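Taking our numbering, the leading residue of the sequence shown gets 1, the next gets one more, and so forth. Think of the CB as a built atom: it goes at the ideal place given N, C-alpha and C, for glycine as much as any other residue. None of the values given here were measured: they were computed from a predicted structure. Okay, so here's the structure we're looking at.
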Amino acid sequence: MGRLIIVSNRVAPISEGGPAAGGLAVGVYDALKETGGVWFGWSGDVLTVPPEAIKLEEQGPVTFATIGLVRRDYDQYYRGFSNATLWPAFHYRPDLIEFDRDEYDGYCRVNRWLAAQLAPLLRPDDVIWVHDYHLIPFAQALRELGVKNRIGFFLHIPFPASQILLSVPRHRELVEALCAFDLLGFQTEPDLHAFCDYVETEAGGTLTRHAAKPVEVRAFGKTLKAAAYPIGVYPDEVRALAKDGESGRDVQTVKATLHQRKLVMSVDRLDYSKGLVERFRAFERLMEHDPQQRNNVSFLQIAPPTRSDVDAYRDIRLQLEAESGRINGRYAELDWTPIRYIHRQYERPVLAALFREAHVGFVTPLRDGMNLVAKEYVSAQDPDDPGVLVLSQFAGAARELKAALIVNPLDIDGMAEALATALAMPLDERRARHREMYALLRDNNVSVWRDNFLRDLKAR
Ligand code: ADQ
1 MGRLIIVSNR VAPISEGGPA AGGLAVGVYD ALKETGGVWF GWSGDVLTVP
51 PEAIKLEEQG PVTFATIGLV RRDYDQYYRG FSNATLWPAF HYRPDLIEFD
101 RDEYDGYCRV NRWLAAQLAP LLRPDDVIWV HDYHLIPFAQ ALRELGVKNR
151 IGFFLHIPFP ASQILLSVPR HRELVEALCA FDLLGFQTEP DLHAFCDYVE
201 TEAGGTLTRH AAKPVEVRAF GKTLKAAAYP IGVYPDEVRA LAKDGESGRD
251 VQTVKATLHQ RKLVMSVDRL DYSKGLVERF RAFERLMEHD PQQRNNVSFL
301 QIAPPTRSDV DAYRDIRLQL EAESGRINGR YAELDWTPIR YIHRQYERPV
351 LAALFREAHV GFVTPLRDGM NLVAKEYVSA QDPDDPGVLV LSQFAGAARE
401 LKAALIVNPL DIDGMAEALA TALAMPLDER RARHREMYAL LRDNNVSVWR
451 DNFLRDLKAR
């Protein structure tokens with residue numbers, strides 16, 4: 001049987017129980033540790049001279065194959081086109097798009113270079129699974145090198161509506177490159193529809209729909225398949241981690257400093273797509289409208305900074321520091337700080353145990369492909385006394401987690417009301433909502449995501 005070759009921008013050797021700020025790394029590693037295989041991509045090193053060879057490192061059933069990037073490649077491919085052009089566009093923020101032709105050329109060049117590094121390692125029956133927006137031209141590049149293997153692509157972030165995608169210069173080349181894959185996977189049906197709409201209306205392609213099977217796409221002289229595969233978590237594993245971590249030092253510290261107050265909690269990479277400013281304001285609005293909540297509830301926001309060399313990320317960080325300072329200045333008392341805003345990463349067991357302590361999981365991105373934090377929060381709860389998930393309608397997860405309190409993250413009053421409802425929700429209702437969501441997470445765990453995708457990729 002052929003090996004599974006995973007390709008993603010960043011390969012993150014995750015030690016069991018170690019920290020992992022990034023949903024892709026968490027999902028991919030969970031998927032690969034069961035099947036075994038090779039995980040190829042950038043090591044995270046930025047070099048002054050070109051790397052000599054791929055570094056191979058075996059960890060149990062997984063071989064990590066990594067390579068560094070020189071500064072110019074990092075700037076153009078990663079910081080530039082991937083994170084200053086594609087990321088904002090795909091998260092419905094055309095106002096934040098920065099475009100530079102040299103960066104786009106660098107993006108394509110690095111994709112060709114990475115493909116050329118991987119090609120000699122491939123065996124004819126390997127199945128290649130490429131992940132995320134950094135690597136849209138990767139299959140095209142492999143095909144140019146004569147690689148004939150099955151190649152699939154999974155997009156972890158949203159696929160934007162055509163009118164948004166049109167704002168990215170070279171959008172047509174990008175979609176043409178996507179059509180060089182054999183199978184395209186999206187997080188949700190709306191993402192799939194957005195792609196199909198572009199194919200039909202902008203690329204003059206055709207679609208054939210079959211019940212319960214991927215859509216067959218014909219465009220740019222290629223035939224491929226496309227479907228939605230919502231990524232999941234392993235809820236039983238997260239629940240066990242959370243339970244084990246209850247007696248840990250971090251959790252005990254939080255408990256002791258809460259002094260019986262209720263806890264609202266959020267965890268995100270510090271990113272403008274995650275809706276942190278609106279969330280801080282919603283918590284402020286709760287204090288404003290309901291004085292009884294003051295000094296009776298604390299909000300813990302954990303948000304490690306990422307991509308701090310991209311301007312928009314520096315801006316959001318400054319804005320959040322100003323907002324948390326302003327709100328705390330307005331409401332804090334000698335024995336109580338309303339918002340605890342922490343910039344660091346935590347190990348997965350600590351995070352899971354903190355989720356279990358929190359009465360409300362407050363997950364309100366402005367756009368998100370899926371959002372694993374929402375699924376981890378639900379998984380971590382004590383089924384006898386679960387907390388309540390308040391979830392943005394714009395997270396992919398909202399399509400499955402319908403028993404959450406669903407909010408529009410732009411409606412600050414609506415979010416404040418949802419917080420009040422969550423904090424006061426009776427035990428029976430909390431249990432019923434949690435039961436429904438947990439069952440769903442079990443039915444659609446990471447193995448199901450991986451197996452469904454690979455089944456369709458291998459099917460002729
Ligand atoms: P992300 O945008 O990174 O992922 P998310 O799905 O929430 O978002 O995943 C974040 C992961 O990192 C979670 O597993 C979380 O526990 C972990 N994490 C976050 N902050 C942390 C911290 N301070 N310490 C330790 N761990 C932390 C992208 C897409 C999402 C999609 C995923 C997976 O943007 O929409 O759900 O990929 O496909």
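Residues near His-91 in its chain [Cβ-Cβ closer than 6 Å; skip 5 each side]: The residue you call residue 91 lines up with position 91 of the sequence shown. The answer, listed in chain order, is Ser-273 and Arg-367.
Cβ-heavy atom distance, Asp-244 to the ligand ADQ, below 6 Å: Locating residue 244 in the sequence shown gives position 244, where the first residue counts as 1. Distances from the CB of Asp-244 to the heavy atoms of the ligand ADQ are all 6 Å or more.
Three CB pairs or more closer than 8 Å across the stretch 320-331 and the stretch 387-401: no
Length-filtered (3 minimum) beta strand (DSSP E) runs lying within the stretch 197-241: 206-208, 215-219 and 222-228
7 Å Cβ cutoff met for Leu-174 and Ile-136: Position 174 of the sequence shown holds residue 174. Position 136 of the sequence shown holds residue 136. Note that the C-beta distance between Leu-174 and Ile-136 is below 7 Å.
Nearest neighbour of Pro-61, chosen from Phe-159, Glu-52 and Val-38 [CA to CA]: Here residue 61 is taken as the residue at index 61 of the sequence shown, counted from 1. The candidate whose alpha carbon is nearest that of Pro-61 is Val-38.
Contact test: Val-26 Cβ vs the ligand ADQ heavy atom, cutoff 6 Å: The sequence position of residue 26 within the sequence shown is 26, counting from 1. The answer is yes for Val-26.
Beta-carbon gap between Leu-263 and Ala-119 smaller than 7 Å: The residue you call residue 263 lines up with position 263 of the sequence shown. The residue you call residue 119 lines up with position 119 of the sequence shown. No. Outside cutoff.
His-134 and Ser-82 closer than 7 Å at C-beta: In the sequence shown, residue 134 corresponds to position 134, counting from 1. In the sequence shown, residue 82 corresponds to position 82, counting from 1. Yes, they are a contact pair.
Rounded separation between Ala-139 and Gly-152 - CA only: Numbered from its first residue, the sequence shown carries residue 139 at position 139. Numbered from its first residue, the sequence shown carries residue 152 at position 152. One C-alpha to the other measures close to 8 Å.
Local Cβ density within 10 Å of Gly-361, reported as buried at 16 or more and exposed below that: Counting from one through the sequence shown, the residue named residue 361 turns up at place 361. Counting Cβ neighbours within 10 Å, Gly-361 comes out buried, since at least 16 surround it.
Proximity of Ala-303 and Leu-270 at Cβ, strictly below 7 Å: As a first step, residue 303 is located in the sequence shown; it is residue number 303 there, counting from the start. As a first step, residue 270 is located in the sequence shown; it is residue number 270 there, counting from the start. In contact: Ala-303 and Leu-270 (Cβ atoms closer than 7 Å).
Ordered list of beta strand (DSSP E) runs contained in the stretch 366-421, each at least 3 residues: 388-392 and 405-407
Inter-residue Cα distance where the pair is Leu-24 and Ile-157: Taking the sequence shown and counting its residues from 1, the one referred to as residue 24 is at position 24. Taking the sequence shown and counting its residues from 1, the one referred to as residue 157 is at position 157. Distance between the alpha carbons of Leu-24 and Ile-157 is about 10 Å.
Sequence-distant residues of its chain with Cβ nearer than 7 Å to Ala-352 (five each side left out): In the sequence shown, the residue the question calls residue 352 occupies position 352. Hits under 7 Å: Val-238, Leu-241, Ala-242, Gly-245, Glu-376 and Ala-380.
Every unbroken beta strand (DSSP E) inside the stretch 97-134 [3 residues or more]: 127-131
Contact under 7 Å by Cβ, Arg-281 with Ile-412: For the purposes of this step, residue 281 is taken as the residue at position 281 of the sequence shown. For the purposes of this step, residue 412 is taken as the residue at position 412 of the sequence shown. Going by C-beta atoms, Arg-281 is nearer than 7 Å to Ile-412.
Thr-63, enclosing beta strand (DSSP E) - first and last residue: Residue 63 sits at position 63 when you count from the first residue of the sequence shown. For Thr-63, the enclosing beta strand (DSSP E) covers residues 62-70.
Check: Gln-381 C-beta below 6 Å from any heavy atom of the ligand ADQ: Within the sequence shown, the letter at position 381 stands for residue 381. It does not: the Cβ of Gln-381 is nowhere closer than 6 Å to a heavy atom of the ligand ADQ.
Within 7 Å, strictly: CB atoms of Val-28 and Ile-54: Residue 28 sits at position 28 when you count from the first residue of the sequence shown. Residue 54 sits at position 54 when you count from the first residue of the sequence shown. It is not a contact, given that the beta carbons lie outside the stated cut-off.
DSSP beta-bridge partners of Met-265: Numbered from 1 along the sequence shown, position 265 holds the residue referred to as residue 265. Answer is Leu-300 and Gly-361, bridged to Met-265.
Contact set for Pro-383: own chain, Cβ-Cβ below 8 Å, skip 5 residues either direction: As a working note, residue 383 is residue 383 in the sequence shown. The residues are Arg-431, His-434, Arg-435 and Tyr-438.
Closer than 6 Å: Gln-345 CB and nearest the ligand ADQ heavy atom: Within the sequence shown, the letter at position 345 stands for residue 345. Yes; taking the cut-off as 6 Å, the Cβ of Gln-345 has a heavy atom of the ligand ADQ nearer than that.
Host alpha helix (DSSP H) of Ser-162 (start-end): Position 162 of the sequence shown, counted from the start, is the residue given in the question as residue 162. Start and end: 162-165.
Reduced DSSP secondary structure (H/G/I, E/B, other) of Asp-75: Your numbering for residue 75 matches position 75 in the sequence shown. Here Asp-75 sits in helix by DSSP.
Local Cβ density within 10 Å of Lys-458, reported as buried at 16 or more and exposed below that: Taking the sequence shown and counting its residues from 1, the one referred to as residue 458 is at position 458. So Lys-458 counts as exposed.
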